[in-house]
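If you read the protein sequences in the order shown, they are chains L and R.
Each number in our numbering corresponds to the 1-based position in the first sequence with 3 added.
Each number in our numbering corresponds to the 1-based position in the second sequence with 615 added.
C-beta atoms are modelled at their ideal positions from N, C-alpha and C, and glycine is treated no differently.
Since this is a predicted model, take the numbers as computed values, not measurements.
To keep things clear, I will list the structure first and then write my remarks on it.
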Amino acid sequence: MIDWGILLEKSILILAVVTISLVIAMYATWAERKIAAVIQDRRGPNRAGPFGLLQPVADGLKLFMKEEIIPNASSKFLFIAGPALAMITALMTSAVIPWGPSINLFGRDINLQIADINIGMLYVFGVVSLGVYGIMIGGWASNNKFSLLAAIRGASQMISYELAMGLALIALLMLTGSLRLSVIVSQQSEGMFNWNVMYQPLGFIIFFICALAECNRTPFDLPEAENELNFGYHQEYSSMKLGFYLFAEYINMFISGVVMSTLFFGGYDIPFVNEANWGNAWWVGLVGFGVLMTKALFFVFVFMWIRWTIPRFRYDQLMNLGWKSLIPLSLLNMVITAVVILLLNK
Amino acid sequence: MQTLTNRAKLVDRRPMTALERIYLWNILKGMIITFRHIFKKKATINYPEQKRSFSAVFRGVQILNRDEEGRERCTACGLCAVACPAEAITMEGAERLPTEEHLYREEKYAAKYEINMLRCIFCGLCEEACPKDAIYLSQTFAQANYSREGFIYKKEDLLIPHPKENPEAYAKALGERKAKNN
Numbered sequence: 004m005i006d007w008g009i010l011l012e013k014s015i016l017i018l019a020v021v022t023i024s025l026v027i028a029m030y031a032t033w034a035e036r037k038i039a040a041v042i043q044d045r046r047g048p049n050r051a052g053p054f055g056l057l058q059p060v061a062d063g064l065k066l067f068m069k070e071e072i073i074p075n076a077s078s079k080f081l082f083i084a085g086p087a088l089a090m091i092t093a094l095m096t097s098a099v100i101p102w103g104p105s106i107n108l109f110g111r112d113i114n115l116q117i118a119d120i121n122i123g124m125l126y127v128f129g130v131v132s133l134g135v136y137g138i139m140i141g142g143w144a145s146n147n148k149f150s151l152l153a154a155i156r157g158a159s160q161m162i163s164y165e166l167a168m169g170l171a172l173i174a175l176l177m178l179t180g181s182l183r184l185s186v187i188v189s190q191q192s193e194g195m196f197n198w199n200v201m202y203q204p205l206g207f208i209i210f211f212i213c214a215l216a217e218c219n220r221t222p223f224d225l226p227e228a229e230n231e232l233n234f235g236y237h238q239e240y241s242s243m244k245l246g247f248y249l250f251a252e253y254i255n256m257f258i259s260g261v262v263m264s265t266l267f268f269g270g271y272d273i274p275f276v277n278e279a280n281w282g283n284a285w286w287v288g289l290v291g292f293g294v295l296m297t298k299a300l301f302f303v304f305v306f307m308w309i310r311w312t313i314p315r316f317r318y319d320q321l322m323n324l325g326w327k328s329l330i331p332l333s334l335l336n337m338v339i340t341a342v343v344i345l346l347l348n349k
Numbered sequence: 616m617q618t619l620t621n622r623a624k625l626v627d628r629r630p631m632t633a634l635e636r637i638y639l640w641n642i643l644k645g646m647i648i649t650f651r652h653i654f655k656k657k658a659t660i661n662y663p664e665q666k667r668s669f670s671a672v673f674r675g676v677q678i679l680n681r682d683e684e685g686r687e688r689c690t691a692c693g694l695c696a697v698a699c700p701a702e703a704i705t706m707e708g709a710e711r712l713p714t715e716e717h718l719y720r721e722e723k724y725a726a727k728y729e730i731n732m733l734r735c736i737f738c739g740l741c742e743e744a745c746p747k748d749a750i751y752l753s754q755t756f757a758q759a760n761y762s763r764e765g766f767i768y769k770k771e772d773l774l775i776p777h778p779k780e781n782p783e784a785y786a787k788a789l790g791e792r793k794a795k796n797n
């Protein structure tokens, strides 16, 4: 007997999460332009709608109207698969995130998480490392030397920084003892001083830097280094396929903000408030979701803030930082965490 | 070393200190600087709604002047065309008929008067050359146009509005300019 209720519940949840991710990515493009403008003492988009809020709609419409060009020399299947893959992997990560505390609606306990799997963290890592295929396939299928160079850069950068990211997370997992994201969040739920960032500040900094590199954001946006590689791995792309690549970057940014707030900043936990005895009415779930969003969007803002502050690294500096600084640091962090846990007999 | 201005700064080529080597501290300092800029006054103005005022000596597009009764001042003497270093001005003179005394101030007038705005360098020598105060440079600039032909301004484009028939537009076109005596 199939439980139709759970099917419906999960379908609605998937639809909601994907829609919210897309809308947030859409408005992240607007926010990026606006933040860039105010940081540079300009005004930014303010013509389309109030405060230029309709700008992303106009941009999207423009991308749809553009001519779709598939280069003759490209391998067509992979050329189309590239942006699709980038988009899919960007959206897939959101499946294991606990978006809010479980709520009771129409007499059912509804878990605001699409899949509460016991290898949640590993799943996130698996999907994130798949993301490099979108760049690699797109760059290779374009049959353009600049695209290929950019794609190779992107791939090597992502692989290098994933290592340090993983090592930073091992120290975190020693503390939590579980890969299940809902467990990691509920462990942090008692006040602000239980947040993992309090125990793993160095781990968080390493994770944050690696997240910047994973999202190809400044100062690690070498795959898009305009002055060296023309436009980067999506140079041959046009119309909505280009839009998918640009969009996937913003979704990635949002999702990594969510992952960071889930792992290090207590997920949907409200600081200084004990919301555990609020019961499980629908609005508690909404409040929790709002809190998680606030945290995630703050990280998105920091990502943009960093982008408009510092220039990009040179390629050798990038590799030096990744292999010679971040990996030894995260190893050290791991060892210290292990020793402390052992000494305290936790 | 003697510097020309006191703004020159020598490049600091000392090796990086340990704090600078970590990058994070300096990046944070940079981020504080950019964060302050968020609240600064914006240098941009919202152009079509707000406009910057020109200086009093701004030399914009030419205007053919009329006298207080609305008669054209130009007598087609050609001094402006001779003075024009860019050779932008062309004109043809004609003799005023007895019935046209309310239209033209003197016996001769410009039947055709054209200024090519693509040639004009807005030097103002036509205004200086004019003995009749018939042409002057206004505070507006030539509008964008779709064709080269559109930039050749005819007499209709250049003439100031009639002071009697359209006094508001006349006052607006005149601006703060005072008519010279002659």
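Per the Cβ contact rule, the stretch 50 to 62 of chain L is not in contact with the stretch 303 to 320 of chain L (fewer than 3 Cβ pairs under 8 Å). In this structure, L:PRO101 sits away from L:GLU239, with a CB-CB distance that is not shorter than 8 Å.
Against chain R, a Cβ distance below 8 Å from L:TRP308 picks out MET646, THR649 and PHE650.
Assigned with DSSP and collapsed to three states, R:ARG629 falls in coil, not helix or strand. Counting along the chain, no beta strand (DSSP E) covers R:MET732, and no H or E run does either. At a cut-off of 4 residues, the continuous stretches assigned as alpha helix (DSSP H) that sit fully inside the stretch 743 to 782 of chain R are 770 to 773. When C-beta distances to chain R are compared with 7 Å, every residue of the stretch 315 to 343 of chain L stays at or above that value. The residue among L:PHE109, L:SER97 and L:VAL130 with its C-alpha nearest the C-alpha of L:ALA118 is L:SER97. Straight across, the Cα-Cα distance linking R:ASN661 with R:PRO746 is about 41 Å. Under the rule that a run must span 3 or more residues, no beta strand (DSSP E) segment is found entirely inside the stretch 186 to 248 of chain L.
For L:ASP44, at least one C-beta of chain R is nearer than 8 Å to its own C-beta.
With fewer than 16 other Cβ atoms inside 10 Å of its own Cβ, R:LYS727 counts as exposed. Among the residues of the stretch 649 to 675 of chain R, those with a Cβ less than 8 Å away from any Cβ of chain L are THR649, PHE650, HIS652, ILE653, LYS655, LYS656, LYS657, ALA658, THR659 and ASN661, in the order of the chain. Nearest CB-CB separation between L:THR265 and chain R: not below the 8 Å threshold. Among the residues of chain L, those whose CB is under 8 Å from the CB of R:ILE642 are ILE309, THR312 and ILE313, following chain order. The beta carbons of R:PRO778 and R:ARG681 sit closer together than 8 Å. For L:VAL41, a Cβ of chain R is located within less than 8 Å of the residue's own Cβ. Rounded to the nearest angstrom, the Cβ distance from R:GLN754 to R:GLY675 is 5 Å, consistent with a contact under 8 Å. By the neighbour-count criterion, in which 16 or more other beta carbons inside 10 Å mark a residue as buried, L:ALA31 falls on the buried side.
Assignment of beta-bridge partners to R:LYS723 by DSSP yields R:GLU710.
Of the candidates L:ALA284, L:PHE247 and L:ASN336, the residue whose Cα lies closest to the Cα of L:PHE109 is L:ALA284.
Between L:TYR248 and L:SER150, the C-beta gap is not smaller than 8 Å, which leaves the two residues out of contact. For L:GLU71, the secondary structure class from DSSP, reduced to helix, strand or coil, is coil.
With respect to L:ASN121, L:LEU182 sits close: the two C-beta atoms are nearer than 8 Å.
L:PHE207 and L:GLU193 have their C-alpha atoms some 19 Å from each other. If you draw a straight line from the Cα of R:GLU715 to the Cα of R:GLU764, it is about 30 Å long.
In the structure shown, L:ILE258 adopts helical secondary structure according to DSSP, grouped into three states. For L:ASN107, the enclosing beta strand (DSSP E) stretches over residues 106 to 108. The beta carbon of L:TYR202 is closer than 7 Å to those of LEU178 in its chain, skipping five residues each way along the sequence. Residue state for L:ASP119 is assigned as coil, using DSSP reduced to three classes. A contact between stretches requires three or more CB pairs, one per stretch, nearer than 8 Å, and the stretch 296 to 313 of chain L meets this requirement with the stretch 26 to 46 of chain L. DSSP, reduced to helix, strand and coil, places L:GLN43 outside both helices and strands of the structure shown, so it counts as coil. For L:THR96, the three-state secondary structure derived from DSSP is helix. One Cα belongs to L:ASN114, the other to L:SER105, and the distance between them is close to 4 Å.
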